[in-house]
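To start, the structure itself, in structure tokens.
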Amino acid sequence: MQYLISVIDDRTNSGTEEEMAAIDVFNEKLQKQGYWVFAGGLAAPSSATVIDNRNDAAVFTDGPFVESKEHIAGLWIWEAPDLDVALKLATEGSKACNRKLEVRPFH
Amino acid sequence: MFHYDDPPEPTGAIDDDRLRLIFTCCHPALAMETRVALTLRMVGGLSMPEIARAFLVQETAMGQRITRAKSKIKAARIPYRVPAAEDLPGRVSGVLAVLFLIFNEGYLATGPDTDPVRHDLTAEAIRLTRLIRALLPDDGETAGLLALMLLTEARRTARVSPGGELVTLAEQDRGAWDPTLIAEGHRLVRERLAARVAPGRYQILAAINAVHTSARDVRDTDWSQVVALYDQLGRIDPSPIVTLNRAVAVAELDGPDVALAAVDRVAPRLADYHAFHATRADLLRRLGRSQESRAAYDKAIELAGNTAETAYLTRRRDQLG
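So the sequence lines, in the order shown, correspond to chains R and F.
In terms of my numbering, the first sequence is numbered consecutively and its last residue is 107.
In terms of my numbering, the second sequence is numbered consecutively and its last residue is 428.
Structure, rendered in structure tokens:
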């Protein structure tokens, strides 16, 4: 079972050195224990472009698809047997990166 | 594999299965109201209309809530198992909260066409709490909640008159209380006292009920002990409702004027709580302030959802001079 873990932030480029170090330690653990599938940090939402080619011509829009106070600053994909395991990891991960996390299952 | 759409087994269901089911239904990734509804449906076997009525929501809304919860359990793979020993204490407190809500809904059923006491709900809550206790015999709060339920259930038949009116603790026929349930409840409270571990909320509430059920006559009630226990409760779980209930005991010790002053201090936070107005009405009546008492009874009647309570409050109001 795979889960998408979104890192929720209300600032951009806000990671401190301590947080980065803690995330590295956490990532190593994820890899060693076989949960790690993918991880990545994202640039600021203002750097996003929305593309809509559902009609005749592609329309590009500058900025994220939804403007909100909080945004997704990064993500993980984990392989975990069930939600309890994913929530336990997320509890640890939230502490490591000092941010809220959203856990959402893939189909 | 377990199918969530299967109806609960009517009889002979294995307790281990029930426990697994309880922990799934009371999973912390589900909203509290969803946990309660799901537990009643999947573990208690209540019908959707029954649950909807118990919580005063539309049947369709309740149906959607349960369907959504089942989808989430499946899609997010909420496990169907009793948590590991290390996770159990944290998860059990969530289960106890759900069972307490179910018990309370049974004990003070709401709704104009509802029986004042839903014995099916109180009995189910007690049965499920016993299951949790069998799993965790040393857990203080589980023992406390079971004791609290037993000591409350013991007074069930004395609490509503044949005419369907609430009978207050002071006016109940104590001979009609169930001595077996009281003995078991008292045994549990003594067991927790002997454990010499700082008690949690349910254990203190159970102890308060033990004081009440130890008095053969209301005049023998050890009110100072009741006040001391509410003080202890207020330290770990400060809430205006604790202040309100403490004031009822204070009225017996120090008089209704002292109690009323305490009650009025929490007025802004309990303005929509029927028991606040009912308590105020009674204190004002005892102080001879009939007009204010009548207004408080009116407000309590307006807010009370339990038919027996409404009948009692109405009679009391109409007896005012």
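By construction, the Cβ of each residue, glycine as well, lies at the ideal position given by its N, Cα and C atoms.
The structure presented is a predicted model; accordingly, all values stated were derived computationally and were not measured.
Alpha carbon of residue i to alpha carbon of residue j, nearest angstrom
i, j, result
"A415 of chain F", "F130 of chain F", "34 Å"
"G15 of chain R", "W36 of chain R", "21 Å"
"D338 of chain F", "L427 of chain F", "33 Å"
"W78 of chain R", "G213 of chain F", "43 Å"
"E409 of chain F", "P135 of chain F", "35 Å"
"V202 of chain F", "A335 of chain F", "28 Å"
"G251 of chain F", "E28 of chain R", "43 Å"
"L101 of chain R", "A204 of chain F", "26 Å"
"A314 of chain F", "I173 of chain F", "36 Å"
"L195 of chain F", "M155 of chain F", "30 Å"
"A277 of chain F", "F207 of chain F", "24 Å"
"L300 of chain F", "A192 of chain F", "25 Å"
"Q171 of chain F", "L390 of chain F", "44 Å"
"L128 of chain F", "I239 of chain F", "12 Å"
"H384 of chain F", "I180 of chain F", "41 Å"
"E298 of chain F", "T417 of chain F", "38 Å"
"P115 of chain F", "S397 of chain F", "Its pLDDT being 44, under 50, P115 of chain F is placed unreliably in this model, and the value from its coordinates should be taken loosely. Their backbone Cα atoms lie some 53 Å apart in a straight line."
"V150 of chain F", "G270 of chain F", "33 Å"
"R376 of chain F", "L243 of chain F", "36 Å"
"P286 of chain F", "A261 of chain F", "7 Å"
"L89 of chain R", "R237 of chain F", "32 Å"
"D379 of chain F", "P186 of chain F", "39 Å"
Interface flag, residue i vs chain R, CB-CB below 9 Å
i, result
"R127 of chain F", "no"
"A322 of chain F", "no"
"M108 of chain F", "For M108 of chain F, the predicted model reports a pLDDT of 39, less than 50, meaning its position is unreliable and no value from the coordinates is stated."
"R184 of chain F", "yes"
"H134 of chain F", "yes"
"D123 of chain F", "no"
"Y111 of chain F", "For Y111 of chain F, the predicted model reports a pLDDT of 46, less than 50, meaning its position is unreliable and no value from the coordinates is stated."
"D194 of chain F", "yes"
"P345 of chain F", "no"
"P363 of chain F", "no"
"P156 of chain F", "no"
"P306 of chain F", "no"
"P190 of chain F", "yes"
Residue interval of the alpha helix (DSSP H) (run including residue i)
i, result
"R372 of chain F", "363-372"
"V58 of chain F", "The structure shown does not extend to residue 58 of chain F, since chain F is modelled only from 108 through 428, so no value can be given for it."
"L247 of chain F", "Here the sequence assigns Gly to residue 247 of chain F, which means Leu is not the residue at that position. From DSSP, the alpha helix (DSSP H) with G247 of chain F extends over 247-260."
"F38 of chain R", "Not the alpha helix (DSSP H): F38 of chain R falls in the beta strand (DSSP E), residues 36-41."
"L206 of chain F", "195-214"
"Y404 of chain F", "397-410"
"S178 of chain F", "166-182"
"D425 of chain F", "414-425"
"S331 of chain F", "330-343"
"T141 of chain F", "139-145"
"H226 of chain F", "226-242"
CB contact check: residue i to chain F, cutoff 9 Å
i, result
"V37 of chain R", "no"
"K88 of chain R", "yes"
"P45 of chain R", "no"
"V7 of chain R", "no"
"M20 of chain R", "no"
"R104 of chain R", "yes"
"L101 of chain R", "no"
"L83 of chain R", "yes"
"H115 of chain R", "Residue 115 of chain R lies beyond the stretch modelled for chain R, which goes from 1 to 107, so this question has no answer here."
Proximal residues to residue i (C-beta, below 7 Å), its chain only, five neighbours per side dropped
i, result
"V373 of chain F", "P347, T350, L351"
"A21 of chain R", "none"
"D82 of chain R", "M1"
"V365 of chain F", "V357"
"L153 of chain F", "L147"
"G74 of chain R", "V7, G40, G41, L42"
"K69 of chain R", "D10"
"H381 of chain F", "A407, L410, A411"
Residues near residue i in its chain [Cβ-Cβ closer than 6 Å; skip 5 each side]
i, result
"D280 of chain F", "A265"
"I72 of chain R", "S6"
"G119 of chain F", "Residue placement at G119 of chain F cannot be trusted, given a pLDDT of 41 that sits under 50; what the coordinates show is reported in the next sentence. Nothing listed; no residue qualifies."
"Y419 of chain F", "E272, L273"
"A44 of chain R", "T12"
"L312 of chain F", "L255"
"R188 of chain F", "R127"
"R308 of chain F", "D344"
"W76 of chain R", "I5, A39"
"V143 of chain F", "V205, L208"
N-terminal and C-terminal residue of the beta strand (DSSP E) that residue i is part of
i, result
"R323 of chain F", "Run containing R323 of chain F: none; DSSP gives neither H nor E here."
"L101 of chain R", "100-105"
"D84 of chain R", "Where D84 of chain R is concerned, there is no enclosing beta strand (DSSP E), although the alpha helix (DSSP H) it sits in stretches over 83-97."
Close-in-space but distant-in-sequence residues of the same chain around residue i (CB under 8 Å, 5 per side omitted)
i, result
"V25 of chain R", "A96"
"D112 of chain F", "Any reading at D112 of chain F must be qualified, since the residue scores a pLDDT of 48, below 50, and its modelled position is unreliable; the value itself is stated next. The residues are K177."
"S200 of chain F", "E248"
"R99 of chain R", "V7, I8, D9, A73"
Minimum Cβ-Cβ distance from residue i to chain B less than 9 Å
i, result
"M20 of chain R", "Going by chain labels, chain B is absent from the structure shown, which instead holds the protein chains R and F."
(request) Could you name each continuous beta strand (DSSP E) segment of 3 residues or more that falls completely within the stretch 4-75 of chain R, going from the start of the chain to the end? (result) 36-41, 49-52, 59-62
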